[in-house]
Amino acid sequence: MLIIKGPQILFFFTLITGVMIAVSSSSWFIMWMGLELNLMSFIPIMSLTGNRYSSESALKYFLIQAMGSATLLMAAPLCFSSPNLSYLIILTSLLLKSGTAPLHFWFPTVMQGIEWPQCLTLMTVQKVAPLSLMSSLTSLSCLVMMTMFSILSSIIGAIGGLNQTFTRKILSYSSINHLGWMIAAILLNEKMWLMYFISYLLISISIVSILHFNQIFHLNQLLSMNFHSKSTKLTLFLSLLSLGGMPPMLGFIPKMMLIQEFIFTNSSLIWLTTLLFSTLLTLFYYLRIAMSSFLLSSKKMSPLTKKSFPKLLLSTTLINLSPMLFPLLITIIY
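Using the numbering used here, the letters of the sequence shown map in sequence onto residues 65 to 398.
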């Protein structure tokens, strides 16, 4: 199963607790404590796996997050003397912690060394606290800096995934690209980034579930592996199209709402054009994976079958083909 098992369940609960503390607190010190609890919970989840590279990835992740935490603490004495500079330093530490480009250098390498369930956690849950804290930084200098990082993340995330053949690195650069959209959503409408994140979470679960069940780590495996059934190929194909924002999939709805928000608020046309162009590039390497799995796979190998897999395929297909879920989601959030 994709769920974390064994003693890691305890660390997963404390990880969620750290996120909740960081998001719900009104004090920067308590927020920092929540981030540290989240960090110290995720390190065992990363390292207690059978992957021989997991310890290396856990060490890299710890060093980067410790650097971000030290930067966050360094900004504390400046809050009274120079608040604008303090907010910029805090924003830099949050951008580093979330893996936003050009501070993304650690993210693909860490993703490459861990298993699929940990990759899913790193791409989704670990970004909630930094993104939530970014929304509380409202100074003009921070808004300008976040705009620049949003543009850079969308471009680097799109270009970086073009020459990759490892599926974990492809999804890591995809996550960086989606971070650009999420930061834009934070700047335009604080509640909209939550809708974007929920849709990204659902689609990522569907993709990672298929890749995890079939233990796919390289594009060549898509060519040599006979999937569980044609429905598996179709589900992966639809999930990747949804992640790229292809209408009428679920991933298209938050992008459409964000484009409307750009138009209503008279935001920068260059910014919007960059986001849309980067999405086209990411859709290209999504299609490369989808075509490899759907059209070019042979019967050389068969993956391990699981009884619960057909139910998983049905649920993920319904998620990606049900953009009608979003009116209910909007009603709940607003």
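Every residue, glycine too, gets a C-beta built ideally from N, C-alpha and C.
Requested in this report: Just the C-alpha distance for L127 and S157, rounded to the nearest angstrom, thanks.
Outcome: 13 Å
Report task. Can you tell me which of S162, T202, L136 and I109 puts its alpha carbon nearest to the alpha carbon of G177? Result -> I109
Requested in this report: Have a look at L322, Q324, F301 and I323 and flag the residue whose alpha-carbon is nearest the alpha-carbon of M313.
Outcome: F301
**Report entry** Boundaries (first-last residue) of the alpha helix (DSSP H) holding L195
**Finding:** V192 to M198
Query raised in the report: If you draw a straight line from the alpha carbon of K371 to that of F277, how long is it in whole angstroms?
Result: Per-residue confidence for K371 stands at a pLDDT of 47, beneath the threshold of 50, marking its modelled position as unreliable; no derived number is given.
Requested in this report: Would you please state the rounded distance, in angstroms, between the beta carbons of I240 and A165? I believe it to be under 8 Å.
Outcome: 5 Å
Query raised in the report: By the 10 Å Cβ neighbour count, where 16 or more other Cβ atoms means buried, how is S217 classified, buried or exposed?
Result: buried
Query raised in the report: Roughly how far, in whole angstroms, is the beta-carbon of V174 from the beta-carbon of S121, given that I think they are within contact range, below 8 Å?
Result: 5 Å
Query raised in the report: Comparing alpha-carbon positions, which option in I327, A140 and S111 lies nearest F75?
Result: S111
**Report entry** Reduced DSSP category for F281 - H, G, I as helix; E, B as strand; rest coil
**Finding:** coil
Query raised in the report: Taking all protein chains shown into account, do 16 or more other C-beta atoms lie within 10 angstroms of the C-beta of S91, making it buried, or fewer, making it exposed?
Result: exposed
Query raised in the report: Is the stretch 137-145 in contact with the stretch 192-200, if contact means three or more CB pairs nearer than 8 Å?
Result: no
Query - Closest Cα partner of P181 within the set L226, L347, I271 and A354 - result: I271
Query raised in the report: Roughly how many angstroms separate the alpha carbons of L149 and W96, rounded to a whole number?
Result: 18 Å
Query raised in the report: Got a sec? Which residues, its chain only, sit under 7 Å from I154 by beta carbon, not counting five neighbours each side?
Result: L136, A139 and L201
Requested in this report: Return helix, strand or coil for F169, following the three-state DSSP convention.
Outcome: coil
**Report entry** Assumed close pair I234, Q228 - CB separation to whole angstroms, cut-off 8 Å
**Finding:** 5 Å
**Report entry** Closest by C-alpha distance to A134, when choosing among L160, R352, Y349 and I274
**Finding:** L160
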